[in-house]
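Student: Below is the structure I would like to discuss, written out as structure tokens.
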DNA sequence: TGCATAGCTGCGTATCCGCGCAGGTATTCA
DNA sequence: TGAATACCTGCGCGGATACGCAGCTATGCA
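Chains as they are written, first to last, in full-length UniProt numbering: chain A, 1 to 114; chain B, 1 to 114.
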């Protein structure tokens with residue numbers, strides 16, 4: 001049960017076994033980063049507004065999102081680009097209109113809490 | 001059904017009624033900010049590690065959290081101060097040791113997803 | 001073909017935030 | 001009483017980022 005990495009093994013602890021439990025509870029670093037990044041996408045009020053609108057009312061065009069949130073279109077575009085790069089939303093082009101929707105089920109579940 | 005504020009009423013829309021639906025879906029601005037702030041607390045890998053450790057293994061001392069996460073104690077203290085100010089965690093002093101735990105049920109529910 | 005609209009991109013800036021470092025306070029024990 | 005320990009705080013820096021502005025591309029229509 002020596003889950004403490006070698007570079008921290010010399011440090012004093014209060015409850016050694018609970019430290020090991022905590023390390024096990026934290027789990028893989030990559031998984032941790034993935035979730036932190038996911039939460040980071042929801043941590044901005046404007047992005048959260050966009051995602052809630054898409055999650056609850058279905059596919060919406062960029063202009064409509066801009067009007068609904070009070071942002072101007074470059075800001076909406078930039079936010080959507082970020083979310084699209086993260087695989088959270090996807091856009092479907094119909095003529096010169098692009099309608100976005102939420103495609104990440106994990107994020108969808110988180111949005112269900114708000 | 002004129003949910004569009006006066007200052008944006010002049011802007012063009014693709015689907016006017018869906019814009020109103022979206023505004024209703026976004027809801028109150030204050031509630032939006034509250035949730036964005038909540039997600040913001042989970043958006044940092046180190047804070048998320050602290051919270052997961054506390055959530056899954058119960059009360060832990062600051063030093064033990066520092067060893068478990070690889071942070072040094074000032075960083076842990078500062079993170080815990082932030083979380084305590086937000087009402088997410090609470091510390092109980094026993095002698096010269098302070099053990100923290102998660103007290104916000106909303107955040108606890110979010111941590112259950114990771 | 002010419003014009004208007006929907007959406008995207010690059011740039012510069014202002015802001016925020018997490019962390020390391022040094023030092024301070026409180027509690028325990030010899 | 002003095003030393004060691006657990007925790008907290010202030011300061012300063014480096015990095016990330018969200019937004020406004022200007023300009024670009026693509027599609028539809030007269």
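Every residue gets a Cβ at the ideal spot worked out from N, C-alpha and C, and that includes glycine. Here the structure is a predicted model, which means the values were calculated and not measured.
Could you say which of 30/B, 68/B, 111/B, 82/B lies nearest to residue 6/A if we only look at CA atoms?
Tutor: 68/B
Student: Smallest Cα separation from residue 34/A: which of 42/B, 29/B, 28/B?
Tutor: 42/B
Student: With distances taken Cα to Cα, identify the nearest neighbour of residue 72/A among 13/B, 2/B, 104/B.
Tutor: 13/B
Student: For residue 89/A, would you say it is in contact with chain B, using Cβ-to-Cβ distances shorter than 8 Å as the test?
Tutor: no
Student: Please list, in chain order, the residues of the stretch 65 to 85 of chain A that have any C-beta partner in chain B closer than 8 Å.
Tutor: 65, 66, 67, 68, 69, 70
Student: I want to verify the contact list: residues of chain B whose CB lies under 7 Å from the CB of residue 21/A, in sequence order.
Tutor: 57
Student: Go through its chain and collect everything with a Cβ distance to residue 84/A's Cβ below 7 Å, but skip five positions before and after it.
Tutor: 90, 91
Student: For the ligand PLP, I want to know if residue 56/B counts as a neighbour, meaning its beta carbon is within less than 7 Å of at least one of the ligand's heavy atoms.
Tutor: Annotation note on the ligand PLP: not contained in the displayed structure, which lists no ligands.
Student: Let me make sure I understand the geometry here. Which of 80/B, 109/B, 111/B, 17/B has the alpha-carbon closest to that of residue 60/A?
Tutor: 17/B
Student: Using alpha carbons as the reference points, say which of 24/B, 46/B, 54/B lies closest to residue 100/B.
Tutor: 54/B
Student: Any beta-carbon of chain A closer than 8 Å to the one on residue 113/B?
Tutor: Output row for residue 113/B: interface = yes.
Student: Here's the rule: buried if 16 or more other CB atoms are within 10 angstroms of the residue's CB, otherwise exposed. What is residue 80/B?
Tutor: buried
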